[in-house]
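Asker:
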Amino acid sequence: MVPAKSKPFIIVMTYGLTNEGPGSGARRRPAGGTNTNTTVTASSTNAPGRGPFGGGANPFTGAAAVFEKVLVGELIPYIDANFRTLTDQPNRGMAGLSMGGMQTKIITLKNLDKFSHIGLFSGGVINTNDVSNTAGFREKVKVVFASCGSRENPGNINANHAALNSIGLKNTAYVSPDTAHEFQTWRRSLLQFAPLLFRD
């Protein structure tokens with residue numbers, strides 16, 4: 380249940396992999412999802428030669444690229460056509476958990492004309508390189524949120540939070556107490572993320 384202090388929004392939770400995905404990844408049941416004031420989705424772009432963890436190729440890029448086509452080309456237009464949504468970029472965000480968080484990072488960074496709020500639940504971080512290498516990031520992104528369980532890697536979340544603060548980028552980090560890579564972490568993350576959405 381979303382807290383009463385949250386503004387009304389629609390959560391669209393979808394399967395983050397399609398049957399067209401590459402290799403065995405297409406057959407795995409993902410833990411991805413999306414949400415937005417209109418719709419919440421996930422996406423991100425990395426600088427050439429950089430993966431989401433600071434180096435190397437991003438292993439989630441292939442699956443995210445296929446999902447991005449469905450999300451941007453089919454799902455968002457369907458939601459906007461069939462539900463009473465605010466269809467502009469300031470009123471749409473994307474969040475995902477686990478692999479869905481990485482998909483959110485990849486897709487949102489490539490589509491900042493569509494997403495203004497980004498939530499990564501146990502799915503990596505938006506780092507300082509992402510901010511500096513993504514055109515218009517500071518102007519277009521309203522919320523950057525990253526979380527994990529205390530039994531995952533909270534040091535990375537907290538260090539990244541401090542690094543973003545050091546370059547003047549407002550962001551929120553949340554560590555769920557006494558949880559790991561599990562749904563209790565992600566439920567609590569949503570509870571923290573929801574009140575931040577669509578405030579301006």
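In this text, residue positions in the sequence shown follow the numbering used here: the first is 380, and each later residue adds one. No residue lacks a Cβ here, since even glycine has one placed at the ideal position from N, Cα and C.
1. Does DSSP put H496 in a helix, in a strand, or in coil?
2. By Cβ distance, which residues of its chain are closer than 7 Å to P556, with the 5 residues on each side in sequence left out?
3. Please return the same chain residues whose Cβ sits closer than 8 Å to the Cβ of D492, not counting the five positions on each side in sequence.
4. To test your reading of the DSSP string, which unbroken alpha helix (DSSP H) runs of 4 or more residues are found completely within the stretch 461 to 527?
5. DSSP three-state label for T551, please.
6. Report back the beta-carbon spacing between F500 and G475 to the nearest angstrom; my notes put them in contact at under 8 Å.
7. Once DSSP output is grouped into helix, strand and coil, what is the label at I546?
8. When burial is assigned at 16 or more other CB atoms within 10 Å of the CB, is N506 buried or exposed?
Answerer: Reading it off the structure:
1. As a position in the sequence shown, residue 496 is number 117, starting the count at 1. The answer is strand: DSSP assigns H496 an E or B state.
2. Against the sequence shown, residue 556 aligns to sequence position 177. Contacts found: S529.
3. Taking the sequence shown and counting its residues from 1, the one referred to as residue 492 is at position 113. Result list for D492: Q468 and K519, in chain order.
4. 478 to 489, 507 to 512 and 516 to 519
5. Counting from 1 along the sequence shown, the entry for residue 551 is found at position 172. In this structure, T551 counts as strand in the three-state DSSP scheme.
6. If you number the sequence shown from 1, residue 500 lands on position 121. If you number the sequence shown from 1, residue 475 lands on position 96. About 7 Å; that satisfies the 8 Å criterion.
7. The residue you call residue 546 lines up with position 167 of the sequence shown. Three-state DSSP puts I546 in coil, outside helix and strand.
8. Taking the first residue of the sequence shown as 1, we reach residue 506 at position 127. Buried is the call here.
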